[in-house]
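Per this note's numbering, residue 191 is the first one in the first sequence, and the count goes up by one each step.
Report on the following structure.
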Amino acid sequence: MQEKYHPQQIEQDAQQYWQTSAAFKAVEIAGKPKYYCLSMFPYPSGKLHMGHVRNYTIGDVLSRYRRMQGYNVLQPMGWDAFGLPAENAAIQNNVPPAQWTYDNIAYMRKQLQSLGLAIDWSREFATCSPDYYRWNQWLFLRMLEKGLAYRTTGTVNWDPVDQTVLANEQVIDGCGWRTGALVEKREIPMYYMKITAYADELLETLATLPGWPERVKTMQVNWIGKSFGVDVVFPADTRSGMPQALKVFTTRADTLLGATYVAVAAEHPVALYAARGNPELAEFIEACKHGATMEAELATQEKKGMNTGLFVLHPLTEARLPVWIANYVLMGYGEGAVMAVPAHDERDFEFATKYSLRIKPVIKPGDSTLEVPLAQAYIEHGITFDSGEFSGLEFQAAVDAIAAALEQNGLGERRVRYRLRDWGISRQRYWGCPIPLIYCGACGVVPVPDDQLPVMLPEDLLPDGSGNPLIKTPSFYECSCPQCGKPARRETDTMDTFVDSSWYYIRYACTGQDEAMTDARVNYWLPVDQYIGGIEHAILHLLYSRFWSKVMRDLGLVRFDEPFANLLTQGMVLNEIAFRKTETGRIIYFNPADLDIQTDEQGRRIGALLRADGQPVESGGLGTMSKSRNNGVDPQRLVDQYGADTARLFMMFASPPEQTLEWADTGMDGAFRFLKRLWKYVYDHIHPQLAAVDPVLRNDLGAELKSLRFQLHQTIVKVGDDLGRRHTFNTAIAAVMEFMNALGKLHDPSPAARNLIHESLEKIVLLLSPIVPHICHALWKELRPGTELLDQSWPQADRTALVQDEIELVVQVNGKLRGQILVAIDAQREEIERLALESDPVQKFVAGKTVKKMVLVPGRLVNIVV
RNA sequence: GCCCGGAUGGUGAAAUUGGUAGACACAAGGGACUUAAAAUCCCUCGACUGGAAACGGUUGUGCCGGUUCGACUCCGGCUCCGGGCACCA
């Protein structure tokens, strides 16, 4: 055994051993309990960042821990390989997206392997492989057959200069990111997946997922947004020229008598009708085209509107209500029209105040009245008033009565609605899975026959920023109609990359299966036992995956209802954002590694200077590590400098996994120091070649050794609980450090002590092995020559070591800590109270006062109330 | 704007079911070893305060209020920060 800890050599040896022994190859073994541990696969952006290290280390710790517990573990890895960044890179570097992607995969695979992850690499695949995306296409066609996929129009961001569709990310302050041109909304035909058909099940089965974080389930519930309300029809006032009735949905039918106008989207037929011969209105509608498409922008943009001059009739009072066009009403949501009740809706209140529209309160708090005029909308539930026959009712009674009245006169009906919208999957982009459809002049939209799948994506095209290059590639789009054989045109849109990531975890179970999307092996491995990934995927990816797997289930391809039994959402790894603005207003970002931090005498940060020129930079706060903001940290430097074990240990020790982590590498030294100390402990124990270790004489230990052994077995219990149940790897590591500190204080040359040290070191190595597997692999060889760490089971605590005679209780007076007492483990209440009262520090505080009450918390404390 | 989280020493954090706030580390300061440095080891380390010292006291978990014998933890109201908002992944 070498005297010093040399991670490079140790890690190389361990990784080589794992590879040559195919240690992590997962094989289906009937009857053996399986554990499918999956970390979200990476997008091959170029190199790993700290978020990846965090994600994959967590997965690896859990995988190795379960393996030691006797599970048949599957931990696979792959690549979410389609997507926008490859096209941007292609434009920038003149390299086809395919090549850029494959190069990145090759580099990042090496990086992952250097972390020593217990992955079955034989199952690796990338979603851009035709063997994979062929089944996207195949399933899409099945969904089309079942009516779960359909075609309709959707809104996109249109860059009028580049003549191309932009992703939301590519729209900056309403302008195209490359051209700076004002972006327009445009309606184009697209394909949608009917996720709303599964809305109820997606909602209901969340309740069957106790292994999911509450916050994620809450977010999904709110996202699906099931609401009970009423569809209300406002008939046209034909005398005003209004061409049609307007239907709106409301969850607040109790406020119907307070409706004072109706607003429609700028794209609504009534708006277009009103704009004919009204240039002012037409201009407003035109301006709305440049309005926001994103919900965040939509909700914060200035609310603007115009009166159409048209009227509808109130469905209950027949009062004439003006019809307005408003930029905050979207055609894509519901019916493209809303009823406005300014007195009881904040947005309507703001709008009505701005345009001097009528505000009519009809709801008041149960125990008081409203002060008129209102200073703000009263949005709480309350009692109706000023509502004719519907006055004086509480919320539900009012909704029921008004809904009944509407149903009676045929102008409304109760409806359940969802906030969830169908999933638009068409992308006007090159680097994605082709949608397998053909457009024939004679036959219309014709699916590509199954035996012609996959529709292969050419890998040699070079996008130039002006739209999807597939449109300009006849060898791709020219084809003949599968039905009539005449020349036809292939669909050039590709699928949303969320399709790729919606079922990759199923495909890992069927490596090599070329005849079908899945096979029987799925039934062994799935569902995933533990899924680990960033909290940023709490809604979209996880909801789409749940949906897609339910569709597969209904097609008989899989048997489970939910794909991920347990979910661990790791917090984001943040780093500082530093920048300067050039004279022309362009923003240049600086990597925090290139800055010198200035602190005050207390060590608090007050600013930062760019090392290159010594001048200050501006702070952009904290944000997730990203290429675009130049605040990523490449783990490679740390791995090269300290080794993978130190990087893994530090990452796990830094904070609990679900917590957002502000990146700082201070502490790496400490993690490295700990491993060096561990190495030294084993070396010092092994090296003297003293007497061989005797069987431990556990009943013959003195008080010091007995107490140390108690702590050892307490630590075994604690670490198992932290890794397996709590997933708090930081406290597991802290517990081992604490025990190591205690062990280090033992200076006892007796054989009994030496036995205990040996037992301790073995257990420490086993406990740490899921976190720092390389060093543990090497140390185990020294402690138990001829055996392999990988074959060892997770240690069990010795119950006899955990028996205690006495325990310490805390004594409080009026809830304040005043002292401790030592009591026998089986001491009775009276005995404990007597000891507590008699203890010196207590006497001081109790003397001369009357004891009112004593609170005893068994095993914890005594509180004396005076 | 809406939905979901978070805030504890100079720093990362711990306190698992309402029961000792700051475990375990980092940084810093002091010391030992060394020709020196690195490495290693030892000590101090929330704030204020009494004491020569031993050892105490008060206060303290983003802010304001509440419940309780007892609150980082529960309740009500805020502030700031992070994630998501349907075409970044």
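From the three backbone atoms N, C-alpha and C, an ideal C-beta is built for every residue, glycine too.
Small disclaimer: the values here were computed from a predicted structure and weren't measured.
- For Lys-437, the closest C-alpha among the options His-727, Gln-720 and His-504 is that of His-504.
- In terms of Cβ geometry, Ala-837 and Pro-825 form a close pair [threshold 8 Å].
- Looking at the DSSP output, Glu-808 shares a beta bridge with Phe-769.
- In the three-state scheme derived from DSSP, where H, G and I count as helix and E and B as strand, Tyr-292 is classed as helix.
- For the 8 Å CB-CB criterion, Met-762 and Gly-241 form a contact.
- Separation of Gln-206 and Gly-306 (C-alpha to C-alpha, rounded to the nearest whole angstrom) is 10 Å.
- Here DSSP, grouped into helix, strand and coil, assigns Asp-686 to coil.
- The stretch 361–379 makes no contact with the stretch 715–725: fewer than 3 CB pairs, one atom from each, lie closer than 8 Å.
- Taken atom to atom, the span from the alpha-carbon of Tyr-545 to that of Arg-605 is near 31 Å.
- Within the same chain, Cβ atoms closer than 6 Å to the Cβ of Cys-623 are found at Tyr-323, Asn-326, Thr-684 and Met-685, the five residues on either side in sequence being excluded.
- Measuring C-alpha to C-alpha distances from Lys-1034 to each of Lys-222, Asp-1016 and Ile-1054 identifies Ile-1054 as the nearest.
- Minimum Cα-Cα distance from Val-531 among the listed residues Tyr-568, Gln-198 and Gly-1038 corresponds to Tyr-568.
- Taking a 10 Å sphere around the C-beta of Ser-304, we find 16 or more other C-beta atoms and assign the residue as buried.
- Per DSSP, the unbroken beta strand (DSSP E) holding Leu-999 starts and ends at 996–1003.
- With respect to Thr-369, Gly-657 sits apart: the two C-beta atoms are not nearer than 8 Å.
- Judged by DSSP secondary structure, Phe-666 falls within the alpha helix (DSSP H) whose first and last residues are 664–667.
- In the three-state scheme derived from DSSP, where H, G and I count as helix and E and B as strand, Ala-316 is classed as strand.
- Between Leu-302 and Pro-266, the beta carbon gap of about 12 Å keeps them out of contact (Cβ cut-off 8 Å).
- Bounds of the alpha helix (DSSP H) holding Val-589 are 585–598.
- If you draw a straight line from the Cα of Ala-591 to the Cα of Thr-445, it comes to about 12 Å.
- DSSP places Gly-249 in the uninterrupted alpha helix (DSSP H) bounded by 240–258.
- The beta carbon of Leu-560 is closer than 7 Å to those of Pro-551, Lys-554 and Tyr-568 in its chain, skipping five residues each way along the sequence.
- Sorting Thr-395, Val-373 and Glu-570 by C-alpha distance to the C-alpha of Ala-477 places Val-373 at the top.
- If you draw a straight line from the Cα of Thr-814 to the Cα of Leu-547, it is about 44 Å long.
- Short of 7 Å from the beta carbon of Leu-1025, and not among the five residues preceding or following it, lie these beta carbons of its own chain, in chain order: Ile-1011 and Val-1013.
- Residue state for Val-1047 is assigned as strand, using DSSP reduced to three classes.
- Excluding sequence positions up to five before and after Gln-566, its CB lies within less than 8 Å of the CB of Glu-536 and Phe-539, all in the same chain and listed in chain order.
- The straight-line gap separating the alpha-carbon atoms of Arg-429 and Arg-466 is approximately 17 Å.
- Looking at the DSSP output, Trp-269 shares a beta bridge with Ala-316.
- The beta carbon of Glu-492 lies closer than 7 Å to none in the same chain, with the five residues before and after it left out.
- The three-state reading of DSSP puts Gly-366 in strand, counting E and B together.
- The Cβ neighbour count for Thr-708, taken over all protein chains shown within 10 Å, is at least 16; the residue is labelled buried.
- When only Cα atoms are considered, Ser-692 and Phe-231 end up about 11 Å apart.
- Distance check between Gly-448 and each of Thr-398, Ile-573 and Ser-558 places Ile-573 closest, using alpha-carbon atoms only.
- When DSSP states are grouped into helix, strand and coil, Met-927 belongs to the helix group.
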